[in-house]
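Engineer:
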Amino acid sequence: KAGVTQTPRYLIKTRGQQVTLSCSPISGHRSVSWYQQTPGQGLQFLFEYFSETQRNKGNFPGRFSGRQFSNSRSEMNVSTLELGDSALYLCASSVGQVNTEAFFGQGTRLTVV
Amino acid sequence: QQPVQSPQAVILREGEDAVINCSSSKALYSVHWYRQKHGEAPVFLMILLKGGEQKGHDKISASFNEKKQQSSLYLTASQLSYSGTYFCGTENYGGSQGNLIFGKGTKLSVKP
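Chains A and B are the protein sequences, given in the same order. Residue numbering for the first sequence follows my numbering, starting at 1 and increasing by one per position. Residue numbering for the second sequence follows my numbering, starting at 1001 and increasing by one per position.
As structure tokens, then:
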């Protein structure tokens, strides 16, 4: 079956702009989690959605937001971009039950200039 | 609370063994291990659900010491294909389901 698909793969934005990233989970998976990956910090948890509801949220400013649609596809939005937002953004999907394997997408590489 | 991984990096020769540790300051409900190769997405290795549990997968195994709030990943007779960054992800008691917090990773390089 198809894996987790993230679009776009690469993105260059200017400071102050906003950006929307998309994640299509594996068919049948109801949970989508988002992570920010930078060289020094590893995988930083942003938020997790399950059945269109945000179930968990990491320690990121309000400029980072997300949503999940009825088909489990998820989007995350970053407003008023800062240089420090440059990172690889990964989404992971799982069936949503506790202690189950998460499948990661290839990520979106965001560069803010 | 982000788990702490050690060492941060390790270089091995093919055939050598390595241990990667993952420690938390909070009581752990479960520990997940993932490996990420350069330019690729993290890939699931295993989940440990209860104290004392040990699991193995090929020559990669892990243990979970619930009391010490730590897990260790053992790589035996390493192969070139083991190179990558290993992440542990933890779920804490009292945390919400689906809230998987990852450590900063351990970069493993296996040389011929």
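C-beta atoms are modelled at their ideal positions from N, C-alpha and C, and glycine is treated no differently.
Taking 7 Å as the CB-CB limit, is B:A1027 close to chain A?
Structural biologist: Translated into positions along the second sequence, residue 1027 of chain B becomes position 27. Chain A, which has no Cβ nearer than 7 Å to the Cβ of B:A1027, makes this no.
Engineer: Measuring straight from C-alpha to C-alpha, what distance separates B:A1018 and A:L90?
Structural biologist: Numbered from 1 along the second sequence, position 18 holds the residue referred to as residue 1018 of chain B. Numbered from 1 along the first sequence, position 90 holds the residue referred to as residue 90 of chain A. Those two C-alpha atoms are separated by around 28 Å.
Engineer: Against chain B, which members of the stretch 33-53 of chain A pass a CB distance test of less than 7 Å?
Structural biologist: Those would be S33, Q41, G42, L43, F45, E48 and F50, in chain order.
Engineer: Counting only Cβ pairs nearer than 8 Å, list the residues of chain B close to A:G107.
Structural biologist: Taking the first residue of the first sequence as 1, we reach residue 107 of chain A at position 107. By Cβ distance, chain B contributes A1041.
Engineer: So, using beta-carbon positions, are B:I1047 and B:H1032 closer together than 7 Å?
Structural biologist: In the second sequence, counting from the first residue as 1, residue 1047 of chain B sits at position 47. In the second sequence, counting from the first residue as 1, residue 1032 of chain B sits at position 32. In this structure, B:H1032 lies closer than 7 Å to B:I1047 by Cβ.
Engineer: Can you say whether B:K1050 is buried or exposed, counting buried as having 16 or more other CB atoms within 10 angstroms of its CB?
Structural biologist: Indexing the second sequence from 1 puts residue 1050 of chain B at position 50. By the 10 Å Cβ count, B:K1050 comes out exposed.
Engineer: Using a Cβ cut-off of 8 Å, pull out every chain B residue sitting near A:L77, in sequence order please.
Structural biologist: Within the first sequence, residue 77 of chain A is the residue found at index 77, counting from 1. Looking at the sequence itself, residue 77 of chain A is Asn, so the reference to Leu does not match. Within chain B, no residue comes near A:N77; the closest Cβ sits about 20 Å away, beyond 8 Å.
Engineer: With a threshold of 8 Å on Cβ separation, who are the neighbours of A:R15 within its own chain once the five nearest residues in sequence on each side are excluded?
Structural biologist: By one-based count along the first sequence, residue 15 of chain A stands at place 15. If we look at A:R15 and ignore the five residues flanking it on each side, its Cβ neighbours are L81, E82, L83, V112 and V113.
Engineer: If we cut at 7 Å on Cβ distances, does B:G1105 have a partner in chain A?
Structural biologist: Here residue 1105 of chain B refers to the residue found at position 105 of the second sequence. By this cut-off, B:G1105 is an interface position.
Engineer: Please go through the same chain and pick out, in chain order, the residues whose beta-carbon is closer than 6 Å to the beta-carbon of A:M76, but skip the five residues on each side of it.
Structural biologist: Taking the first residue of the first sequence as position 1, residue 76 of chain A is located at position 76. Closer than 6 Å at Cβ, skipping near neighbours: L21, W34 and G66.
Engineer: Relative to the alpha-carbon of B:V1110, which residue among B:S1083, B:C1088 and B:N1099 has its alpha-carbon at the smallest distance?
Structural biologist: By 1-based counting over the second sequence, the position of residue 1110 of chain B is 110. It is B:S1083.
Engineer: For B:G1015, collect the residues of the same chain with a Cβ closer than 7 Å to its Cβ; drop the 5 residues on either side in sequence, then sort them by chain order.
Structural biologist: Residue numbering aside, residue 1015 of chain B sits at position 15 when the second sequence is read from its first letter. Excluding residues within five positions, the ones whose Cβ falls inside 7 Å are A1077 and S1078.
Engineer: Report the residues of the stretch 1056-1080 of chain B with a CB closer than 7 Å to any CB of chain A, ordered along the chain.
Structural biologist: Residues: none.
Engineer: For B:S1109, which residues does DSSP report across the bridge?
Structural biologist: If you number the second sequence from 1, residue 1109 of chain B lands on position 109. Per DSSP, B:I1011.
Engineer: Can you check whether the C-beta of A:F69 is within less than 7 Å of a C-beta belonging to chain B?
Structural biologist: Start at 1 with the first residue of the first sequence, and residue 69 of chain A comes out as number 69. Not closer than 7 Å to any Cβ of chain B, the Cβ of A:F69 fails to qualify, so no.
Engineer: Could you tell me whether any Cβ in chain A is nearer than 7 Å to the Cβ of B:I1101?
Structural biologist: Taking the second sequence and counting its residues from 1, one reaches residue 1101 of chain B at position 101. True, the Cβ-Cβ gap to chain A drops below 7 Å.
Engineer: Short of 6 Å in beta carbon distance, which residues of its chain neighbour A:A102, apart from the five on each side in sequence? Order them along the chain.
Structural biologist: Within the first sequence, residue 102 of chain A is the residue found at index 102, counting from 1. Correct list, in chain order: A92 and S94.
Engineer: Would you kindly work out how many angstroms separate the C-alpha atoms of B:R1013 and B:L1108, rounded to a whole number?
Structural biologist: Position 13 of the second sequence, counted from the start, is the residue given in the question as residue 1013 of chain B. Position 108 of the second sequence, counted from the start, is the residue given in the question as residue 1108 of chain B. Taking the straight line from one Cα to the other gives about 11 Å.
Engineer: Assuming the contact rule is C-beta atoms closer than 8 Å, B:Q1036 and B:T1085 should be a hit. Round their C-beta distance to whole Å, please.
Structural biologist: Start at 1 with the first residue of the second sequence, and residue 1036 of chain B comes out as number 36. Start at 1 with the first residue of the second sequence, and residue 1085 of chain B comes out as number 85. The Cβ separation is near 5 Å, so the contact holds.
Engineer: Considering only their Cβ atoms, is the gap separating A:S72 from A:R30 smaller than 7 Å?
Structural biologist: Here residue 30 of chain A refers to the residue found at position 30 when the first sequence is read from its first residue. Here residue 72 of chain A refers to the residue found at position 72 when the first sequence is read from its first residue. Yes.
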